[in-house]
Amino acid sequence: MRLSPFALSLALGLATLSSQPVAAAPARPAALSPESSSTKIDASRRISEEAALDTIILNSTALYDALVGELYYQRREPGKSYAYLMEAARRSGDVRLYARAAEVAIQARSPDAALRAVQAWQKLKPSDSEASNYHLQILLLLGRIDQTSEPLSQALANATPERRLKLIHATPVLYGEIHNQELALRAVEPVLRKWANQPDTAFVTNISLARMQLLARQYAQVMESLERARAASVPSERLGTVLPNHELPALVALDLMRLARTGSPYVASHAEDFVRQAVRQPNASQELRISYAKVLIESRRYDDSLTQLHDLLRTHPDYAMGWLLQGGVQLQNKQYKAAETSLQRYLKLRTTEDSVTPQGEAPSLLGMVSAGSDVQAYLMLAEIADQRNDATAAANWLKRIQSPTARNAAILQRAESLNNQGKAEQALQLVNALPGDSVKERSLKALVQGQILETAGKLAPAAKTLSTALAEDADNAELLYARGMIRERLGEKAGAEADLRKVIALNPDTPAAYNALGYSLVERGERLEEARKLIARALELMPNSGAVQDSMGWAEYKLGRHKEARRWLEMAFDNEPNAEIAAHLGEVLWKLGEQDKARSIWQEGLKLDAKDKVLLRTMQEFGVKPAP
């Protein structure tokens, strides 16, 4: 059994303390005669030797406790490990041992024990910035948000200037997973305000305030903080990983522009003006300009995004990723010839297979598969060929993908594209031709086949396909989830619930299963409080998901809490605008007496998907017709 590097380091440190020589007796003052002082010297030496011996024994015992604590940790007995490490820390006064005890407790999911270790550490060294950092993070883990102001304040006050900048910049991330962001902002804002006007920290502090205000949906205040950040002195130490420091306020403004467009359109417009000023600067980075184009794409402002991309590529004609993105937008606009030209230009310029995340959610058929940017280009060119009914050219584009795994993934994506075009038979032929030599491959094929059949309205064959796959892969959570969704549509409520509960049992941290089961109960009007708890668990796991926020809003609406429902649904529509969320939000607004706003939201939903059945049915129920 090997000792961890920490244990070895600690052993050396404590051993050094234990082996220090006993201090020599002090020199005898000349004024004292040997006779009169000998007794005192002997007594002094004896006291010194006894104290040194006590230190050796104490440190030897601490060393033993520390090593035993590490051994228990390696044997996966964290309770005993924690006890020995705490005793070693008490004996030695070594703060590293308190830190180690806290880490062991956190890994054992015992945050209260970790908190006791950190409090003992702080008692020993009250001005230790690292102890305050531990204290802060443990309180966040415990959910004691209102108690975090003091340790955050201490950590900032005791940190070096460089460390302080980094901690201020990281604060929104530390609080990012908190469910109640308004509470988080109340805890943090008074602390950060102390640093918001200091010349060395004003820039980063106001950006962090803006980020937290954004999460708390205080959109007007976000713009105020961004204006202050833009006016402050920009630190030389790089804060972001991609954008230069002076563009970080514009990056936050992009998020504001995206999130505020529904509930606070005036603020969103102000944020876009802020971004435009940044991208018009002569030294504006390619990354900022393409980020702006992506937000425009997300808002379905395709023509505006093309304008930005044209400007970018005019000044940076060799920017390969810009051509790829432009080709994707042109394809979305059905500008097939222009899209083909842009994609061919990308393939000529690119030098590496940079990873690029496809716009929007990952393809539903390929939740576990991601493709590089070259693969995306080949896929789009294959889709253009499909639009021309040139199956040979489409197949040839996919043959250019070298990796068999990536090629198969691309074929699955092409099948999805064909399926979305209403060419279900062609899509099935592609999938059926894929290899199925292993259980994993056959399960993946079944997932895709099931979705194609479901999209084509063939629910019973889709369920049968998935059941066949589950017969040899019974614990495949993806297959169970897919079958549960189809069973729900078939009216097989008990079977659907059984599938989703098994997914939860197999993978307790799967938010989609909690959300789907909770939403299903809400739609049926059954066990609403239980449904709300399931959705709340999904929110804990995925707090920024518009789909889960929509489910929570719909649950609150069914429970009669209309104002709370509105809050959740507005948040959901800001995060992930789609037609079904628009249907729900409009209905809640109508019930709250805001009929004009409800109509406006519904019309906006129609722009997103004019054929959405939930939205059309909701509008019909309230006697509202689509605008001409």
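Per mature numbering (1 follows the signal peptide of the UniProt record, and there is no 0), the sequence shown runs over residues -24 to -1, 1 to 604.
Backbone N, C-alpha and C define an ideal beta-carbon position, used for all residues, glycine too.
The structure displayed is predicted, hence computed values, not measured ones.
Close Cβ partners of residue i (< 8 Å) along its chain, the five nearest in sequence each way excluded
i: residue 294; result: 325
i: residue 575; result: 562, 600
i: residue 227; result: 216, 219, 264, 267
i: residue 497; result: 503, 504, 506, 507, 510
i: residue 343; result: For residue 343, the pLDDT reaches just 27, beneath the cut-off of 50, and the residue's location in the model is therefore unreliable, although a value from the coordinates is still provided. So the qualifying residues of the chain are 454.
i: residue 259; result: none
i: residue 585; result: 554, 555, 591
Close-in-space but distant-in-sequence residues of the same chain around residue i (CB under 6 Å, 5 per side omitted)
i: residue 471; result: 463
i: residue 109; result: 131
i: residue 247; result: 229, 232, 233
i: residue 265; result: 255, 288
i: residue 78; result: 90, 93, 94, 110
i: residue 602; result: 582
i: residue 426; result: 438, 441, 442, 458
i: residue 159; result: 121
i: residue 460; result: 472, 475, 476
i: residue 595; result: 578
i: residue 535; result: 504
i: residue 614; result: The structure shown does not extend to residue 614, since the chain is modelled only from -24 through 604, so no value can be given for it.
Residue i, DSSP secondary structure in three states
i: residue 366; result: coil
i: residue 289; result: helix
i: residue 605; result: No statement about residue 605 is possible, as the shown extent of the chain runs from -24 to 604 and does not include it.
i: residue 177; result: coil
i: residue 238; result: coil
i: residue 595; result: helix
i: residue 377; result: coil
i: residue 566; result: helix
i: residue 589; result: helix
i: residue 171; result: coil
i: residue 144; result: helix
i: residue 572; result: helix
i: residue 215; result: coil
i: residue 600; result: coil
i: residue 450; result: coil
i: residue 194; result: coil
i: residue 619; result: Given a span of -24 to 604 for the chain in the structure shown, any question on residue 619 remains unanswerable.
i: residue 581; result: helix
i: residue 200; result: helix
i: residue 471; result: helix
i: residue 210; result: coil
i: residue 220; result: coil
Own chain partners of residue i with C-beta closer than 7 Å, once the 5 adjacent residues on each side are dropped
i: residue 80; result: 49, 54, 57, 58, 61
i: residue 316; result: 357, 360
i: residue 540; result: 532
i: residue 486; result: 453, 479, 480
i: residue 587; result: none
i: residue 64; result: 38, 41, 42, 45, 73
i: residue 318; result: 299, 302, 303, 306
i: residue 351; result: 377, 382, 386
i: residue 489; result: 457, 476, 479, 480
i: residue 284; result: 265, 268, 269, 272
i: residue 177; result: 140, 141, 144, 171
Integer Cβ distance of residue i from residue j, believed to fall under 8 Å
i: residue 251; j: residue 196; result: Actually they are not in contact, since the Cβ atoms of residue 251 and residue 196 sit about 17 Å apart, beyond 8 Å.
i: residue 407; j: residue 388; result: 7 Å
i: residue 300; j: residue 353; result: 6 Å
i: residue 520; j: residue 551; result: 6 Å
i: residue 558; j: residue 591; result: 6 Å
i: residue 615; j: residue 189; result: Since the displayed the chain opens at -24 and closes at 604, residue 615 lies outside it and no answer follows.
i: residue 238; j: residue 546; result: 7 Å
i: residue 515; j: residue 155; result: 7 Å
- Output the residue ranges of the beta strand (DSSP E) runs that lie fully inside the region 39 to 69 and measure 3 residues or longer, sorted by chain position. none
- Message: Would the region 178 to 190 count as touching the region 199 to 206 if we require 3 or more Cβ pairs under 8 Å?
- Response: Contact between the region 178 to 190 and the region 199 to 206 is present: 3 or more CB-CB pairs across the two stretches fall below 8 Å.
- Query: Are at least three pairs of beta-carbons, each pair with one atom in the region 376 to 385 and one in the region 395 to 403, less than 8 Å apart?
  - Reply: no
- Do the region 128 to 144 and the region 504 to 515 meet, that is, are 3 or more Cβ pairs less than 8 Å apart? no
- Please go through the region 240 to 326 and give each complete alpha helix (DSSP H) segment of 4 or more residues, from N-terminal end onward. Runs of the alpha helix (DSSP H) inside the region 240 to 326: 241 to 255, 262 to 274, 278 to 291, 296 to 308, 312 to 325.
- Which ranges does the alpha helix (DSSP H) cover as unbroken runs of at least 4 residues, wholly within the region 479 to 557, from first to last along the chain? Those alpha helix (DSSP H) runs which fall completely within the region 479 to 557 and span 4+ residues are 487 to 500, 504 to 517, 522 to 534, 538 to 551.
- Message: Threshold first: 4 residues or longer. Then list the alpha helix (DSSP H) segments lying entirely within the region 389 to 437, N to C.
- Response: 400 to 408, 415 to 431
- Message: So within the region 74 to 157, which uninterrupted beta strand (DSSP E) runs reach at least 3 residues, ignoring any that extend past its ends?
- Response: none
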